[in-house]
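Using the numbering used here, the letters of the sequence shown map in sequence onto residues 33 to 260. Everything on this sheet refers to the single structure shown next.
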Amino acid sequence: MSIQCPDGDVDLFFILLDTFGIRLVGMLSIDFCDFESFSNKAKLLIERNIEIEEFCIGNTREAIDAIKIMSLVNRMNITQEFECWPRFLCKFHYQLNKYPKKIFINWSFWFDINQLLNSTCVRIVLDKSMLSNQDIDVFLRKWKRAGEFPNLRWLQISSKKIDKNSPILEMIPPIQSVNYVRIKSPRTEDEIVENAVQVIKEDGRVGWLNLELGRWPELKFLVSNPST
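Here it is, written out as structure tokens:
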């Protein structure tokens, strides 16, 4: 059953939860025109530990102070997907403490290497990142160890900090296969990596890595499913 709750109508939101005994919210997004309304809804969901499958912080024209928002996000039970489109103010430190299956962050400069190393996601897309060659090297070396990042199937990072001045797994960017290779995920149409090189875990699982330089250097990393 799907129920649409009007934006800003907090009382109706409460009534719907109680009337239908709702324990799962399919999609929740924040309206910056009415943060108080969103905050009240979020706090109720937190108190009742209601599962939120998808949560989206929508885009804005100006950079935002997201300290209060991220505090709520880290307390909510977001299980499937977290999308974050706006640019946060740079003067604060933002932390994502809980990891749903998928995350997409448009202005991801605040998502640092420690958060990446602690992630448990299946799919991670980080645009406009500040991660460097050294960060990616650390991540991939950890991934290669048996038992690390067992859920990860797709990692995509664009960052101006990626360059040709230092190696990643002993390879100097750009990192591409000499022979044309095209690997596609069976899960979704947009997980495709071309001209990729193999990166092999200690347990034998294969990852396919491509890193292209340009205005926004971009890394794509597709991990094979052990069952395929």
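Here a beta-carbon is modelled for each residue, glycine too, at the ideal position from N, C-alpha and C. All values reported here derive from a predicted model rather than from experimental measurement.
Task: Cβ pair count under 8 Å reaching 3, the segment 196 to 204 against the segment 154 to 172 - done: yes
Open item on the list: According to DSSP, simplified to helix, strand and coil, what is L128?
Closed with: Residue 128 sits at position 96 when you count from the first residue of the sequence shown. Coil at L128, not helix or strand.
Open item on the list: Going by beta-carbon coordinates alone, are L163 and S191 separated by less than 8 Å?
Closed with: Looking up residue 163 in the sequence shown gives position 131. Looking up residue 191 in the sequence shown gives position 159. Yes.
Task: Assigned exposure category for K75 - 16 Cβ within 10 Å defines buried - done: Locating residue 75 in the sequence shown gives position 43, where the first residue counts as 1. K75 is exposed by the Cβ-count criterion.
TODO: Would you kindly work out how many angstroms separate the C-alpha atoms of R214 and V157, rounded to a whole number?
DONE: Position 182 of the sequence shown holds residue 214. Position 125 of the sequence shown holds residue 157. Near 20 Å, if we compare the C-alpha coordinates of V157 and R214.
TODO: Please list, in chain order, all residues of the same chain as C88 whose beta carbon is under 6 Å from its beta carbon, the five residues on each side excluded.
DONE: Translated into positions along the sequence shown, residue 88 becomes position 56. Answer for C88: S61, E115, listed in chain order.
Task: Start-to-end residues for the alpha helix (DSSP H) that takes in I99 - done: Sequence index remark: in the sequence shown, residue 99 carries index 67 (1-based). That run of the alpha helix (DSSP H) goes 99 to 105.
- [ ] Would you mind sorting V210 into buried or exposed? The rule is 16 or more other CB atoms within 10 Å of its CB.
- [x] Numbered from its first residue, the sequence shown carries residue 210 at position 178. It counts as exposed.
TODO: Helix, strand or coil for S151, going by three-state DSSP, please let me know.
DONE: The residue labelled residue 151 in the question sits at position 119 within the sequence shown. It is coil, neither helix nor strand.
Task: E223 vs W186 beta-carbon contact at 8 Å - done: Translated into the one-based positions of the sequence shown, residue 223 becomes position 191. Translated into the one-based positions of the sequence shown, residue 186 becomes position 154. In contact: E223 and W186 (Cβ atoms closer than 8 Å).
Open item on the list: Suppose you measure from the CA of E244 to the CA of D97; what does that come to, to the nearest Å?
Closed with: In the sequence shown, residue 244 corresponds to position 212, counting from 1. In the sequence shown, residue 97 corresponds to position 65, counting from 1. Those two C-alpha atoms are separated by around 32 Å.
TODO: Could you check the C-alpha separation between E50 and V105 for me, to the nearest Å?
DONE: Here the question's residue 50 lines up with position 18 in the sequence shown. Here the question's residue 105 lines up with position 73 in the sequence shown. This sequence places Asp at residue 50; Glu is not what is there. Approximately 23 Å, taken between the alpha carbons.
Task: Spatial distance of D235 from R177 (CA atoms) - done: As a working note, residue 235 is residue 203 in the sequence shown. As a working note, residue 177 is residue 145 in the sequence shown. Cα-Cα distance, rounded: 8 Å.
Task: 8 Å Cβ cutoff met for V238 and L184 - done: Translated into positions along the sequence shown, residue 238 becomes position 206. Translated into positions along the sequence shown, residue 184 becomes position 152. For V238 and L184, no; Cβs fall outside 8 Å.
Task: Those runs of the beta strand (DSSP E) which lie wholly inside the segment 70 to 102 and span at least 3 residues - done: 83 to 89
Open item on the list: From the DSSP secondary-structure annotation, give me the bridge partner or partners of V213.
Closed with: Along the sequence shown, one-based indexing puts residue 213 at 181. BP columns for V213 are empty, so no partner.
- [ ] Helix, strand or coil for E234, going by three-state DSSP, please let me know.
- [x] Here the question's residue 234 lines up with position 202 in the sequence shown. Correct three-state label for E234: coil.
Open item on the list: Under DSSP, the beta strand (DSSP E) around L254 begins and ends at which residues?
Closed with: Locating residue 254 in the sequence shown gives position 222, where the first residue counts as 1. Segment 250 to 255, the beta strand (DSSP E) holding L254.
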